[in-house]
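In the order they appear, the protein sequences are chains Y and H. Position in the first sequence counted from 1, then plus 1242, gives you my numbering. Position in the second sequence counted from 1, then plus 56, gives you my numbering. Note that CB positions come from ideal geometry on N, CA and C, so glycine has one too. A quick note: this is a predicted structure, and the numbers were derived from the prediction, not measured. Take a look at the structure set out below.
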Amino acid sequence: DSGVTQTPKHLITATGQRVTLRCSPRSGDLSVYWYQQSLDQGLQFLIQYYNGEERAKGNILERFSAQQFPDLHSELNLSSLELGDSALYFCASSPQPIARDSPLHFGNGTRLTVT
Amino acid sequence: AQKVTQAQTEISVVEKEDVTLDCVYETRDTTYYLFWYKQPPSGELVFLIRRNSFDEQNEISGRYSWNFQKSTSSFNFTITASQVVDSAVYFCAPHAGGTSYGKLTFGQGTILTVHP
């Protein structure tokens, strides 16, 4: 158990809808990362937050947004969903934003299916 | 530009065979870390090991061993006496410096199947 909690585990929704994925980092970790895993793109970094502030942005679509709350949990909001957004979304956490020698610890992921 | 390559798409072995997974990381950075993750069929991403770019000494931990060859930027990960439970997708993920601090770039992964 990595200590990172993601909910829900599965999500099935229709095109055009909006969903929210939730992540609670490991106790003591201040930094949260979101990754998307799809068959055609592999594992892609989306966005990183540290102590409530956005730190780095990757290949995140404008339809997607995220935030980190004062209690350090994070939410990833996906709107105007398309079939191609179907993927496994992972959240990871680390103690600090500069964690070059520390592994990221991943949650079990949320599998999103857009029909 | 930085590039991580896992040239082996799929590997199939019989239980108890040794298997080596290759990863090449091309970068101008002289100091970086490389992580290996395992993704079993259940889907979670599990951290396995970490290596740095300034230590070429081979390391062994249980059935896992790994070595780094600086001349070829090659990180190889070996599982000794493979078991069926080792069947998974294995990813190498470098963690570079500069503006990349804080994020991992994953290779495409190697699917390992261990047959009984």
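Chain Y partners of residue i, CB-CB under 7 Å?
{"i": "H/Q62", "result": "What H/Q62 touches in chain Y: nothing, since even the nearest Cβ is about 10 Å away."}
{"i": "H/G118", "result": "Residues of chain Y passing the Cβ test: none, with the nearest at roughly 17 Å."}
{"i": "H/F91", "result": "P1345"}
Would you check whether the ligand HEM has a heavy atom nearer than 7 Å to the C-beta of residue i?
{"i": "Y/Q1290", "result": "Absent from the structure shown: the ligand HEM. Ligands present: none."}
Taking C-beta pairs closer than 7 Å, name the residues in chain H that residue i reaches, listed in chain order.
{"i": "Y/A1308", "result": "Going along chain H, no residue has its Cβ under 7 Å from Y/A1308, so there is no contact; the nearest lies around 14 Å."}
{"i": "Y/H1347", "result": "F103"}
What residues are listed by DSSP as bridge partners for residue i?
{"i": "H/Y88", "result": "Looking at the DSSP assignment, H/Y88 forms no beta bridge with any residue, so it has no partner."}
{"i": "H/I67", "result": "H/L168"}
{"i": "Y/V1246", "result": "Y/V1246 is not bridged to any residue."}
{"i": "Y/R1353", "result": "Y/H1252, Y/L1330"}
{"i": "Y/G1284", "result": "Y/S1280"}
{"i": "H/A144", "result": "H/L168"}
{"i": "H/N108", "result": "H/Y89"}
Name the chain H residues whose beta carbon is nearer than 9 Å to that of residue i?
{"i": "Y/N1350", "result": "S98, G99, E100, L101"}
{"i": "Y/L1330", "result": "G99"}
On a CA-only basis, which of the options is nearest residue i? Give me that one, please.
{"i": "Y/P1313", "options": "Y/V1261, Y/L1272, Y/T1355", "result": "The amino acid occupying residue 1313 of chain Y in the given sequence is Asp; Pro does not appear at that position. Measuring from the Cα of Y/D1313, the nearest candidate turns out to be Y/L1272."}
{"i": "H/D78", "options": "H/R84, H/L168, H/Q62, H/S143", "result": "H/Q62"}
{"i": "Y/Q1283", "options": "H/K72, H/Q164, H/L104", "result": "H/Q164"}
Need the endpoints of the beta strand (DSSP E) that residue i sits in, please.
{"i": "Y/V1261", "result": "1261-1266"}
{"i": "H/F124", "result": "120-125"}
{"i": "Y/I1302", "result": "Y/I1302 -> no beta strand (DSSP E), and no H or E assigned at all."}
{"i": "Y/S1316", "result": "1316-1320"}
{"i": "H/E82", "result": "75-82"}
Could you name the residues of chain Y that residue i contacts, counting a contact when the two beta carbons are closer than 8 Å?
{"i": "H/K94", "result": "Going along chain Y, no residue has its Cβ under 8 Å from H/K94, so there is no contact; the nearest lies around 11 Å."}
{"i": "H/K159", "result": "Y1275, F1287, Q1290, A1298, G1300"}
{"i": "H/R107", "result": "Result: empty, since nearest Cβ-Cβ is about 11 Å, beyond 8 Å."}
{"i": "H/F147", "result": "L1285"}
Along chain C, in chain order, which residues have C-beta atoms closer than 7 Å to that of residue i?
{"i": "Y/F1311", "result": "Checking the listed chains, one finds no chain C in this structure; the protein chains it contains are Y and H."}
Subject >> Meets three-Cβ-pair contact criterion under 8 Å: the region 1275-1288 of chain Y and the region 1325-1333 of chain Y >> reply: Flag = yes, the region 1275-1288 of chain Y and the region 1325-1333 of chain Y touch.
Original post:
Do the region 132-145 of chain H and the region 89-97 of chain H make contact, defined as three or more Cβ pairs closer than 8 Å?
Top reply: Yes, they touch.
Subject >> the region 105-124 of chain H contacting the region 132-139 of chain H, beta-carbon criterion three pairs below 8 Å >> reply: When C-beta atoms of the region 105-124 of chain H are compared with those of the region 132-139 of chain H, three or more pairs fall below 8 Å, so the two segments count as touching.
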